[in-house]
Every structure is written in structure tokens, then in C-alpha cells.
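Since the structure comes first, as C-alpha cells, the remarks are kept for the end.
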Amino acid sequence: MLNLGENVSPQQKHPAQMIGDLFWTKGLLETLGDPHGHINKDGFDYLTVYEAHVKPWQFTGLPAVSATQLEVNRATIQALYFLEPDVVEGARRPPRTLMLMIYLPLAVVRGAAPMFSDSKLSNFLEFWKGTFIPIFDCSIHYLAETGGRLATHTPLVYVNRQHIQGYLEA
Numbered sequence: 006m007l008n009l010g011e012n013v014s015p016q017q018k019h020p021a022q023m024i025g026d027l028f029w030t031k032g033l034l035e036t037l038g039d040p041h042g043h044i045n046k047d048g049f050d051y052l053t054v055y056e057a058h059v060k061p062w063q064f065t066g067l068p069a070v071s072a073t074q075l076e077v078n079r080a081t082i083q084a085l086y087f088l089e090p091d092v093v094e095g096a097r098r099p100p101r102t103l104m105l106m107i108y109l110p111l112a113v114v115r116g117a118a119p120m121f122s123d124s125k126l127s128n129f130l131e132f133w134k135g136t137f138i139p140i141f142d143c144s145i146h147y148l149a150e151t152g153g154r155l156a157t158h159t160p161l162v163y164v165n166r167q168h169i170q171g172y173l174e175a
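With the sequence shown counted from 1, adding 5 to any position gets you this note's numbering.
Rendered as C-alpha cells:
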């Protein structure tokens with residue numbers, strides 16, 4: 006768990022990768038306090054990534070670029086994952102999960118989704134109120150050529166609920 010004692014700034018930077026509609030990026034995601042809570046905070050539309058390496062999907066034909074600072078529209082992010090084991094371990098896994106296959110526009114994610122209280126397969130999204138849903142013990146299959154290296158297995162990925170095109174029990 007992150008230590009936010011007196012000498013630690015609430016402003017932090019964590020290595021992360023984000024999968025977007027036109028590109029994916031790797032860099033240092035700026036967060037205020039707990040990174041898992043920060044990505045789901047209301048009131049802002051963009052996430053800030055420092056030392057960003059931007060790789061457009063190969064179907065775009067665009068070149069890769071690097072930037073000191075990149076502002077990424079949160080609504081366009083299909084999936085996001087943190088690269089530091091300490092940060093990943095700081096996510097609280099719910100006591101009840103269900104293995105799902107989740108279809109996104111550019112990837113298919115298979116992993117354990119949070120199932121709260123009386124939620125069922127048909128309504129689990131109604132129980133999760135944040136933009137990004139944590140999916141644990143994931144395998145990811147990309148539907149487009151990445152032009153680089155993206156994780157195909159990760160202990161935690163956050164999936165943007167607005168990009169879920171369908172899901173089923175795996």
C-alpha cells in the first residue's frame with residue numbers, strides 16, 4: 006500500500022500503459038494520492054502522462070513520437086494498467102469475482118471482474134460506479150497490430166466501462 010505520510014507528496018507519478026482508440030502510450034501517469042482511486046475521480050477529463058512514448062496503432066499509418074508531457078482524454082482510454090508491482094499490489098481485490106471475457110474495440114480481455122453484493126453477470130456494471138473497472142489476473146488479446154510491446158498477461162488491468170462492447174462468462 007502506498008505510504009502517504011507527512012513527507013510524501015500526494016502528487017505522484019507511476020509507470021503505466023494506456024490503450025486508446027488511435028494509439029497506446031507508456032509513461033509516468035500523474036496521480037493525486039492513491040493511483041487506483043485517482044483514475045476514477047470525477048471532475049476531470051484528461052490524465053497527464055510524463056515521459057510519454059506514443060505508439061499509434063499500425064492501421065493509422067502515423068509515426069511513433071515521444072513527449073515530455075501528454076494529456077490523454079480519459080474517455081478515449083479503453084484499458085489502463087500500472088507497471089509497478091507495488092502499485093498493482095495496492096489494489097484491493099473484492100472477495101467475490103467472476104471470470105469474464107470482455108470485448109473492447111481493440112482488445113479482448115479475459116479476467117476476474119468484481120462482483121459486489123447481489124450482482125450477477127447481467128447487472129455487474131450497475132454495481133460498479135467508476136469509469137475504470139479493475140479486472141484481475143488478465144490475459145489480453147489485441148485486435149490490431151501494436152507496432153511495439155504491450156502486455157498480454159497482467160495481474161490487473163482497468164477497463165473503461167464506456168468501451169465495453171459485450172461480455173460473457175469465461
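Backbone N, C-alpha and C define an ideal beta-carbon position, used for all residues, glycine too.
Local Cβ density within 10 Å of residue i, reported as buried at 16 or more and exposed below that
i	result
T157	exposed
G153	exposed
P90	exposed
P68	exposed
V184	Outside the shown range of the chain (6 to 175) lies residue 184, about which nothing can therefore be said.
P99	exposed
P110	exposed
H41	buried
L161	buried
Option in the options with minimal Cα separation from residue i
i	options	result
H2	Q17, Q16, I24	This structure leaves residue 2 out entirely; the chain is present only between 6 and 175.
I82	T102, R97, V92, L52	L52
L33	A69, S14, Y86, D142	Y86
S144	G116, F49, P61	G116
V164	M120, A175, S122, V113	V113
V92	P119, H43, L111	H43
S127	L105, P139, I140	L105
G48	N78, F64, F129	N78
L27	D123, K18, L148, E94	L148
F64	D123, T151, G95	T151
L155	E174, A84, D39	A84
Contacting residues, own chain, Cβ-Cβ under 8 Å from residue i (five flanking each side not counted)
i	result
Q16	E35, T36, L37
Q74	T53, V54, Y55, A57
In DSSP terms, what residue i is bridged to
i	result
S144	R115, H158
H19	L34
M120	Paired residue(s): none; M120 is not in a bridge.
I44	Paired residue(s): none; I44 is not in a bridge.
V93	Looking at the DSSP assignment, V93 forms no beta bridge with any residue, so it has no partner.
F87	A21
T5	The chain is shown only over 6 to 175; residue 5 falls outside these bounds and no answer can be derived.
Own chain partners of residue i with C-beta closer than 6 Å, once the 5 adjacent residues on each side are dropped
i	result
K31	Q22, H58
W29	K60
G171	Y108
T159	Y86, C143
N45	G135, T136, F137
W62	A149
F121	F132
Cβ-based neighbour list, residue i, same chain, cut-off 7 Å, excluding 5 preceding and 5 following
i	result
E88	Reading off the sequence, residue 88 comes out as Leu, not Glu. Excluding positions up to five away in sequence, the list reads P20, A21, Q22.
L130	R166
A118	T102, L103, L105, F129, I138, I140
S124	F132
E76	Y51, T53
Cβ distance (whole Å) where residue i is taken to contact residue j below 8 Å
i	j	result
A72	D50	Contact doesn't hold; Cβ gap of about 18 Å is too wide.
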